[in-house]
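S.K.:
Numbering (our numbering), first residue to last: 3 to 81.
(1) In the stretch 10-60, which residue ranges form an unbroken alpha helix (DSSP H) of at least 4 residues, counting only runs that do not cross its ends?
(2) Just mark residue 72 as buried or exposed, buried being the case when its beta carbon has 16 or more other beta carbons within 10 Å.
(3) Per the DSSP calculation, residue 3 is bridged to which residue(s)?
(4) If you check the beta carbons only, do residue 51 and residue 17 fall under 7 angstroms apart?
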């Protein structure tokens with residue numbers, strides 16, 4: 003979706019909302035730090051949106067969570 007690779011098990015409408023919000027942050031980063039990425043390869047960010055907090059916890063327990071992980075991981079949880 004846009005400049006992001008979205009991996010999601012939530013509904014598509016929510017995933018698009020997350021991508022839209024991330025795009026606003028990315029635009030701010032580009033404007034604030036124009037020298038970062040200039041003539042540099044910057045890969046597309048990966049955003050993973052789990053269906054629920056339970057699914058997110060299972061993802062973490064399965065070893066999908068690491069401080070070295072290159073994904074942004076969240077979940078569709080309105081609680």
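The C-beta atom is built at its ideal place from N, Cα and C for all residues, glycine as well. No experiment lies behind these values; they were computed from the predicted model shown.
M.R.: Inspection of the coordinates gives the following:
(1) Taking 4 residues as the shortest admissible run, the stretch 10-60 contains the following complete alpha helix (DSSP H) segments, listed from N- to C-terminal end: 14-34.
(2) Residue numbering aside, residue 72 sits at position 70 when the chain shown is read from its first letter. Counting Cβ neighbours within 10 Å, residue 72 comes out exposed, since fewer than 16 surround it.
(3) Looking up residue 3 in the chain shown gives position 1. Bridge partners of residue 3: none, in fact.
(4) Position 49 of the chain shown holds residue 51. Position 15 of the chain shown holds residue 17. Against a cut-off of 7 angstroms, the Cβ pair of residue 17 and residue 51 comes out as a contact.
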